[in-house]
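**Q** Residues in the sequence shown are numbered consecutively from 2, following the working numbering.
Where is the CB? At the ideal position from N, CA and C, for every residue including glycine.
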Amino acid sequence: MKKRPIGILIALAMALFSIWQVYQLSKSMVLSSLRETGEARLNLYAGTVQGALEKYSYLPFLLAKNHNIQHILQGNGDSKQVNRYLTVVNKQAGSAALFIMNSAGVTLCSSNWHEDLSFVGKNYGFRPYFKDAMEGVASGFFAIGVTTSRPGYFFSAPIYNFAGNTVIGVAVVKIDLTPLEKSWLEGGEMVLVGDKNGILFLSSLSQYKYKSLEPLASETIVTIKEEKQYHGITIQPLGFKKSQLFADDVISLSGATYLLSSRKLPEFQWRIYYLASLTEARKLIFGTVTIAAVTLFLILLLTLYLRERRLKRISNRRASHAKKLSKINKRLQLEIKEHSRTEKELRETQQEVIQAGKLAALGQMSAVISHELNQPIAAIRTYAASCRKFFEKDKKQMVLQNLDIISDLTEHMGSITSQLKSFARKSDGEFEPVNLQDRINRVQFMLENQIRPAGVMVNLELCETPITVLADPVKIDQVLINLIRNAIDSMANSTKKQLTIVLINKETNAELHISDSGHGIDPESMRQLFEPFFTTKGAGEGLGLGLSISFRIINEIGGTIRATENEYGGATFIVCLPQHLSNREPTK
Ligand code: ADP
């Protein structure tokens, strides 16, 4: 969620950058196209200006060669005839005026001799074109006429005497350039021509005429005054500004912006300027940028919309997952409730079963006890009765014999009850380290009077490392005695009677294998082997408590006991006990 505003800001920054790029690109494209157009127009208009002037440049030379004119200058000609001639030629050529000046600068003849503003008798000796021609150099000059106040371009040529060695006068043609301005204006173009001082003397727009591009130097102003070039006009600066922001060649003039192109007109020491309005170009750039901005905005909007939709879809999916999860949760809770209810029922049932089991065991035990004790009690009763008879008959020997039998029977009963006592008794928890090898040897010795008469061969394979367990040594003996006695019993009818006792050191545990070659254990018996009072032995031979007592003892010291069938068809009892390792390094 925190990522969102940063992402939007980055997208906005990228959008703004792209819009800026579009602006720059479209601006440079539009400007370069305008520059190309400006170049082409300038070439065209420069040619027009040159053409318009040069078509008259021959006229002063033509006049300078005219004999009548030469005569006039030498004081012997007919000025009326020359005046008329000039009028005709001027009209034919289409120039503004044709006139002849003497060496003092006074106009002797002129095409406008008959007009109010005739040049005849006027002195134009201050004009540079006159001075140049008197030096023998044909010249040209733009100026505002001091007589007519009409601007025009003056071409002059020196007039030599007949000998051709002295300049005696000057022939001049004045050309009207206003048609050029008119044609530019009609073409809707902004064309300006400036002189060597940067004064604009030709302009399609009259408001820019006779304005200087840069403020004029004072000496320039003096010269202009002397030559009366812009007679009666004070030259003011144009007052345009260069737009640094847009491009170097972009100017602002009278509140409008233009691209300014210019080129030299070297023949006249002039410069021609072409102003292309940027109003349309600006509209084009603005339009392009607007389209780009709108497109980007729409893309941004679309992206945001798609993003929102994706997020909504994800959140919907999450919501439906959450819904499903809560459903599953509810179902699980129900199941847990159901399970705990079932568990409670089970526990109750189990308690009932245990109770029933206990009662069954009690019943079984009482049956066994009554069965085992009834027989000796009945015998004792019989022997006691015969004792009385033998005593009455004074057969003391028989009495003593019967009392011995009664004593044996009570001893037998005592052994039965002692077994039951040991079954019922719980461990007092007094454990001590017991060496298993010692206990096995001891028990074997104890049982020697049972093993030997039964004809059983004993094979002991006890590991050399002393094996110690934490237990009650008497109880360990009890387990060993039970297992060995059962093994001897199982081999009663076997031809081969082999008892093997193996003690294996298994790192933290010790494993005791007691194997016999007896009748083995059938699968049905295998299941009940360790249950109390389970026995396959006949009455008076077994109570069925040996294995169940052994199982409990082994369990108490953290061990296990199980029985399997062995390779001789007999049984192997495997007892696994945790070793007491505190006194020595664990055996590797
Ligand atoms: P008891 O020896 O008084 O019958 P136990 O609990 O010691 O009681 O043994 C239960 C029964 O397990 C025996 O009656 C016998 O059927 C079987 N059993 C025990 N040890 C062996 C053995 N080594 N081989 C075959 N059967 C055995």
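#1: Are the stretch 126-133 and the stretch 144-156 touching by the rule of at least three beta carbon pairs closer than 8 Å?
#2: Residue range of the beta strand (DSSP E) that G547 falls in?
#3: Can you tell me where the beta strand (DSSP E) with A257 in it begins and where it stops?
#4: Let me check one thing: in DSSP terms, what residues is K242 bridge-paired to?
#5: Are the CB atoms of L1 and I482 nearer to each other than 8 Å?
#6: In whole angstroms, what is the alpha-carbon distance linking A164 and H68?
#7: In the DSSP output, what is I200 paired with across the bridge?
#8: Which first and last residues belong to the beta strand (DSSP E) in which Q1 is found?
#9: Compare the C-alpha of C110 against each of K92, R318, D79 and name the closest.
#10: Tell me the DSSP secondary structure of E586 in three-state form.
#11: Where does A572 land, buried or exposed, given buried means 16+ other C-beta within 10 angstroms?
#12: Is the Cβ-Cβ distance between H581 and L448 less than 8 Å?
#13: Could you check if S526 belongs to the surroundings of the ligand NAD, using beta carbon to heavy atom distance under 7 Å?
#14: Within the stretch 75-111, note down every full alpha helix (DSSP H) run reaching 4 residues or more, in order along the chain.
#15: Return the CA-CA distance between E346 and S321, expressed in angstroms with no decimal places.
#16: I need the boundaries of the alpha helix (DSSP H) containing Q529, first residue and last residue.
#17: Under 7 Å: does the beta carbon of K338 sit that close to some heavy atom of the ligand ADP?
#18: Determine the direct distance from the alpha carbon of S205 to that of I7, and round the result to whole angstroms.
#19: Mapping DSSP to helix, strand and coil, what is Y274?
#20: Should T343 go down as buried or exposed, given a rule of 16 or more other Cβ atoms within 10 Å for buried?
#21: Classify M102: buried if its beta carbon has 16 or more other beta carbons within 10 angstroms, exposed otherwise.
#22: On the three-state DSSP scale, how would you describe I502?
#23: In the structure shown, what three-state DSSP assignment does V295 receive?
#24: Got a sec: does the ligand ADP put a non-hydrogen atom nearer than 7 Å to the Cβ of L448?
#25: Just grab the DSSP bridge partners of M458 for me.
#26: Per DSSP, P579 forms a beta bridge with which residues?
#27: Looking at C-alpha atoms only, which residue of E182, I225, S371, G288 is the closest neighbour of S207?
#28: For V174 and I160, which I take to be in contact (beta-carbon distance under 8 Å), what is that distance rounded to the nearest angstrom?
#29: Could you work out which residue in E116, V194, I176 is closest to N44 when comparing CA atoms only?
#30: Give a yes or no on whether the C-beta atoms belonging to F535 and G545 are separated by under 8 Å.
#31: For L63, which option in V295, V90, S518 has the closest C-alpha, if you only look at C-alpha atoms?
#32: Since I believe L484 is in contact with S551 (beta carbons under 8 Å), could you give me their beta-carbon distance rounded to a whole number of angstroms?
#33: Spatial neighbours of S516 within its chain, please: CB distance less than 7 Å, with the 5 preceding and 5 following residues excluded, ordered by chain position.
#34: Checking the sheet assignment: what are the DSSP bridge partners for Y154?
#35: Once the 5 residues before and after T149 are set aside, which same chain residues still bring their CB inside 7 Å of it?
#36: Roughly how many angstroms separate the alpha carbons of F241 and Q82, rounded to a whole number?
**A** Here's the rundown:
#1: Three or more beta-carbon pairs drawn from the stretch 126-133 and the stretch 144-156 are found closer than 8 Å, and the two stretches are therefore classed as touching.
#2: Walking along the sequence shown from the start, residue 547 turns up at place 546. Segment 547-557 is the alpha helix (DSSP H) holding G547; no beta strand (DSSP E) there.
#3: Taking the sequence shown and counting its residues from 1, the one referred to as residue 257 is at position 256. First-last of the beta strand (DSSP E) with A257: 257-266.
#4: As a first step, residue 242 is located in the sequence shown; it is residue number 241 there, counting from the start. Looking at the DSSP assignment, K242 forms a beta bridge with S253.
#5: This structure cannot speak to residue 1, because the chain is shown only from 2 to 589.
#6: Position 163 of the sequence shown, counted from the start, is the residue given in the question as residue 164. Position 67 of the sequence shown, counted from the start, is the residue given in the question as residue 68. In a straight line, the C-alpha of A164 is about 12 Å away from that of H68.
#7: Locating residue 200 in the sequence shown gives position 199, counting from the first residue. DSSP lists S213 as partners of I200.
#8: Residue coverage of the chain in this structure runs from 2 to 589, which leaves residue 1 outside it and unanswerable.
#9: Looking up residue 110 in the sequence shown gives position 109. Of the candidates K92, R318, D79, the one whose C-alpha sits nearest the C-alpha of C110 is D79.
#10: As a working note, residue 586 is residue 585 in the sequence shown. Its pLDDT being 46, under 50, E586 is placed unreliably in this model, and the value from its coordinates should be taken loosely. Taken through DSSP and simplified to helix, strand or coil, E586 comes out as coil.
#11: In the sequence shown, counting from the first residue as 1, residue 572 sits at position 571. Taking a 10 Å sphere around the C-beta of A572, we find 16 or more other C-beta atoms and assign the residue as buried.
#12: Start at 1 with the first residue of the sequence shown, and residue 581 comes out as number 580. Start at 1 with the first residue of the sequence shown, and residue 448 comes out as number 447. Going by C-beta atoms, H581 is not nearer than 8 Å to L448.
#13: Among the ligands present in this structure, namely the ligand ADP, the ligand NAD is not found.
#14: Runs of the alpha helix (DSSP H) inside the stretch 75-111: 80-94.
#15: The sequence position of residue 346 within the sequence shown is 345, counting from 1. The sequence position of residue 321 within the sequence shown is 320, counting from 1. A straight-line Cα-Cα distance of about 37 Å links E346 and S321.
#16: In the sequence shown, counting from the first residue as 1, residue 529 sits at position 528. Element bounds for Q529: 524-529.
#17: As a position in the sequence shown, residue 338 is number 337, starting the count at 1. Of the heavy atoms belonging to the ligand ADP, none sits nearer than 7 Å to the Cβ of K338.
#18: As a working mapping, residue 7 is identified with position 6 in the sequence shown. As a working mapping, residue 205 is identified with position 204 in the sequence shown. Answer to the nearest angstrom: the Cα atoms are 56 Å apart.
#19: On the sequence shown, position 273 is the one that residue 274 refers to. Looking at Y274 - three-state DSSP - the assignment turns out to be strand.
#20: What you label residue 343 is simply residue 342 of the sequence shown in a count that begins at 1. Result: exposed.
#21: The residue you call residue 102 lines up with position 101 of the sequence shown. Of the residues assessed, M102 falls on the buried side of the cut-off, its CB having 16 or more other CB atoms within 10 angstroms.
#22: Working through the sequence shown from its first residue, we reach residue 502 at position 501. In the three-state reduction of the DSSP assignment, I502 falls in the strand class, which pools E and B.
#23: Taking the sequence shown and counting its residues from 1, one reaches residue 295 at position 294. Residue state, collapsed to three classes: helix.
#24: Within the sequence shown, the letter at position 447 stands for residue 448. Proximity of the beta carbon of L448 to the ligand ADP is not indicated: no heavy atom of the ligand is located closer than 7 Å.
#25: Within the sequence shown, numbered from 1, the residue matching residue 458 stands at position 457. M458 pairs with Q499.
#26: The residue given as residue 579 occupies position 578 in the sequence shown. Within the DSSP secondary-structure output, P579 pairs in a beta bridge with N510.
#27: Here the question's residue 207 lines up with position 206 in the sequence shown. Ranked by Cα distance from S207, the options E182, I225, S371, G288 are led by E182.
#28: As a first step, residue 174 is located in the sequence shown; it is residue number 173 there, counting from the start. As a first step, residue 160 is located in the sequence shown; it is residue number 159 there, counting from the start. Contact doesn't hold; Cβ gap of about 13 Å is too wide.
#29: Your numbering for residue 44 matches position 43 in the sequence shown. In terms of Cα proximity to N44, the closest of E116, V194, I176 is V194.
#30: In the sequence shown, counting from the first residue as 1, residue 535 sits at position 534. In the sequence shown, counting from the first residue as 1, residue 545 sits at position 544. Contact flag set, yes.
#31: For this step, residue 63 is matched to residue 62 along the sequence shown. Shortest Cα-Cα distance from L63 to any of V295, V90, S518 involves V90.
#32: Within the sequence shown, the letter at position 550 stands for residue 551. Within the sequence shown, the letter at position 483 stands for residue 484. The Cβ separation is near 7 Å, so the contact holds.
#33: For this step, residue 516 is matched to residue 515 along the sequence shown. Excluding sequence neighbours, S516 sits near T501, N567, G571, T573.
#34: Along the sequence shown, one-based indexing puts residue 154 at 153. Y154 is bridged by DSSP to F143, I176.
#35: Here residue 149 refers to the residue found at position 148 when the sequence shown is read from its first residue. If we look at T149 and ignore the five residues flanking it on each side, its Cβ neighbours are L118.
#36: For the purposes of this step, residue 241 is taken as residue 240 along the sequence shown, with counting starting at 1. For the purposes of this step, residue 82 is taken as residue 81 along the sequence shown, with counting starting at 1. Separation of F241 and Q82 (C-alpha to C-alpha, rounded to the nearest whole angstrom) is 52 Å.
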